[in-house]
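If you count the sequence shown from 1, position 41 lands on 44 in our numbering, and the numbers rise without skipping.
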Amino acid sequence: MSRLLCSISILLVVTLAAACSPHQESHSHAQPSPQHHAQQATAVVDMSTLPEGLTLSDARIRAAFSGATTGAAYVTINNNTEDDVHLTSVSVSEDIAMKVEIHDMRMDGEMMQMFELEDGVIIPAKSQLQLRPGGKHIMLMGLATELSEGKSLEMTLKFAQHPAQTILVPVVRM
Ligand SMILES: [Cu+2]
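Take a look at the structure:
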């Protein structure tokens, strides 16, 4: 009985597969979608082109309330090389935010204020830079997407002497 059922379902699958297979199937196999390919290539942190000893860790974006126009992102840059590293800027695609700035904080009277580090940040040799809440951070301005928990967004870090690094950053509640 079960063998009969099994062969019936195999027949069904074969029939369905034949019915559903598009005419240009062999064509699409020969040419995989380039868009899909690009997404896969940037879906993981790719640090293969950074020198050994220069690593990125603890990347996260703070979840924001619906309708927020700005957001904050954080990452730790570990510079275990013999040379200073210069993080010049950070970018995201325009469907995430209009503009990205690197910010620092300072006291202005009683008020804590943020200001832009237009030249980026130098991470001295054998040191670590933590972009973190209350300190230097990455500011996403003119949000074009909701920073809702569970999302992951691509962010690109640009360095003066090293190739840009695109990382996939999770949106987390902080
Ligand atoms: Cu800021």
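No residue lacks a Cβ here, since even glycine has one placed at the ideal position from N, Cα and C.
Three-way DSSP call (helix, strand, coil) for residue i in this model
| i | result |
| --- | --- |
| Ser130 | strand |
| Glu157 | strand |
| Asn81 | strand |
| Leu171 | strand |
| Met177 | coil |
| Leu53 | coil |
| His165 | coil |
| Gly145 | strand |
Pairwise C-alpha distance: residue j and residue i
| i | j | result |
| --- | --- | --- |
| Ile125 | Val103 | 18 angstroms |
| Thr91 | Gln168 | 12 angstroms |
| Ile141 | Thr84 | 23 angstroms |
| Glu97 | Ser130 | 32 angstroms |
| Ala44 | Met101 | The pLDDT assigned to Ala44 is 31, lower than 50, so where the model puts this residue is not dependable; a value taken from the coordinates is nonetheless given after this. Ala44 and Met101: Cα-Cα distance of roughly 24 angstroms. |
| Lys139 | Ile99 | 21 angstroms |
| Thr63 | Pro54 | In the sequence as presented, Thr is not what sits at residue 63; that position holds Arg. Approximately 23 angstroms between the Cα atoms of the pair. |
| Leu134 | Asp86 | 20 angstroms |
| Thr148 | Met110 | 31 angstroms |
| His165 | Phe118 | 26 angstroms |
| Leu132 | His106 | 13 angstroms |
| Ser60 | Ile170 | 10 angstroms |
Under 8 angstroms between C-beta atoms of residue i and residue j
| i | j | result |
| --- | --- | --- |
| Ser151 | Val172 | no |
| Gly56 | His89 | no |
| Thr79 | Met144 | no |
| Thr52 | Val93 | no |
| Leu146 | Ala71 | yes |
| Ala128 | Asn82 | yes |
| Met115 | Met108 | yes |
Around ligand 1, Cβ to any heavy atom closer than 5 angstroms, ordered along the chain: Counting only residues whose CB is nearer than 5 angstroms to a non-hydrogen atom of ligand 1, the list in chain order is His106, Met117 and Met142.
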